[in-house]
Amino acid sequence: MLEVHQFPCLSDNYGFLLHDPDSGETAAIDTPDGSEYLRQAEAKGWEITQIWNTHWHPDHAGGNKAIVEATGATVVAPREVEKLSPIDRVVGNGDSASLGKWQARVIDVSGHTNGHIAYHIAKADMAFVGDSVFALGCGRMFEGVPEQYWNSLDRIRNLPENTLLYCAHEYTQANAKFALHADPDNAELRLYAARIDEKRAKGEPTVPTVLSRELATNPFLRADDADLRDRWGGTSPAETFAALRTAKDHF
Ligand SMILES: [Zn+2]
Numbered sequence: 001m002l003e004v005h006q007f008p009c010l011s012d013n014y015g016f017l018l019h020d021p022d023s024g025e026t027a028a029i030d031t032p033d034g035s036e037y038l039r040q041a042e043a044k045g046w047e048i049t050q051i052w053n054t055h056w057h058p059d060h061a062g063g064n065k066a067i068v069e070a071t072g073a074t075v076v077a078p079r080e081v082e083k084l085s086p087i088d089r090v091v092g093n094g095d096s097a098s099l100g101k102w103q104a105r106v107i108d109v110s111g112h113t114n115g116h117i118a119y120h121i122a123k124a125d126m127a128f129v130g131d132s133v134f135a136l137g138c139g140r141m142f143e144g145v146p147e148q149y150w151n152s153l154d155r156i157r158n159l160p161e162n163t164l165l166y167c168a169h170e171y172t173q174a175n176a177k178f179a180l181h182a183d184p185d186n187a188e189l190r191l192y193a194a195r196i197d198e199k200r201a202k203g204e205p206t207v208p209t210v211l212s213r214e215l216a217t218n219p220f221l222r223a224d225d226a227d228l229r230d231r232w233g234g235t236s237p238a239e240t241f242a243a244l245r246t247a248k249d250h251f
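First residue of the sequence shown: 1, per UniProt numbering; consecutive thereafter.
If you want it as structure tokens, here you go:
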């Protein structure tokens with residue numbers, strides 16, 4: 001079975017180490033903090049053999065150099081990561097990455113940055129989505145445009161509903177406040193928000209989240225919903241998404 005080791009990193013990032021016991025391979029999913037990743041891998045008795053980056057931001061690829069120097073790991077990344085680190089294999093939409101016998105399909109989820117990708121491992125029901133989508137939220141649209149970002153979210157919406165989404169930040173409690181503002185009549189969202197408050201009060205992570213629940217509660221994945229369109233405007237889901245994203249930026 002594929003093992004995921006999740007740990008807090010920097011102020012609100014999550015680090016993920018993905019380990020395949022059969023081959024002994026370990027992938028660092030993004031590298032917010034190289035030395036913390038190396039410590040965590042050593043504590044597990046794992047050696048990092050690959051780095052899979054989702055996008056170029058320093059809290060996602062800034063630790064590549066330290067990890068490669070310490071382990072010789074192979075860097076798999078979208079081309080934009082060249083801004084920060086050399087890449088051994090550039091990947092984009094439809095490509096795959098493998099860890100032992102496990103295959104991850106690369107999905108274009110651009111919008112937060114123009115080269116942002118996610119890694120979907122269908123046989124393990126998991127996807128590493130970086131800053132494209134969060135529990136009850138999505139990334140800021142730093143580089144992309146609304147139609148592009150909405151199409152990216154639509155690709156995530158079309159993954160199997162039981163997919164676990166490994167988001168890169170613990171932003172859920174703040175996201176829930178905006179989600180309740182955006183979609184106040186959503187009963188399932190209210191229940192979910194209450195559970196999030198309980199988890200955070202105990203210091204527990206809210207990541208990963210399951211896609212089926214996000215489809216019912218995350219306003220950014222529901223920009224094609226009639227209630228949200230009526231409330232936020234727009235003549236297309238991309239326009240409703242844009243209105244929600246702008247509102248969240250100023251919330
Ligand atoms: Zn980012």
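C-beta atoms are modelled at their ideal positions from N, C-alpha and C, and glycine is treated no differently.
How many Å lie between F241 and H169 at the Cα?
21 Å
Quick check on the burial criterion: 16 or more other C-beta atoms within 10 angstroms. Buried or exposed for G181?
The residue you asked about is not Gly; residue 181 is His in the sequence shown. H181 should be labelled exposed.
For the segment 28-48 against the segment 90-103, are there 3 or more C-beta pairs whose distance is under 8 Å?
No, the segment 28-48 is not in contact with the segment 90-103.
Counting pairs of Cβ atoms below 8 Å between the segment 101-116 and the segment 147-157, do you hit three or more?
yes
Quick check: the Cα distance between R213 and M1, rounded to an integer number of angstroms?
So the two alpha carbons sit approximately 24 Å from each other.
Here's the rule I'm using: 16 or more other beta-carbon atoms within 10 Å means buried, otherwise exposed. How should K202 be labelled?
Exposed.
Do the segment 177-191 and the segment 115-128 touch if we need at least three Cβ pairs shorter than 8 Å?
The segment 177-191, when compared against the segment 115-128, does not touch it at the 8 Å Cβ threshold.
H5 beta carbon near ligand 1 (any heavy atom closer than 7 Å):
no
Looking at the structure shown, is G34 part of a helix, part of a strand, or coil, going by DSSP?
helix
So I48 and I67 are in contact, right, with Cβ under 8 Å, and what is the actual spacing, rounded?
6 Å
Verify whether the separation of the beta carbon atoms of T31 and A70 is less than 8 Å.
Taking 8 Å as the Cβ cut-off, T31 and A70 do not qualify as a contacting pair.
Given a threshold of 16 other Cβ atoms within 10 Å of its Cβ, counted over all protein chains shown, does R222 qualify as buried or as exposed?
buried
In its own chain, which residues sit with a C-beta less than 6 Å from the C-beta of W150, not counting the 5 before and 5 after it?
For W150, where only same-chain residues beyond five positions count, the Cβ hits under 6 Å are P237, A238, F241.
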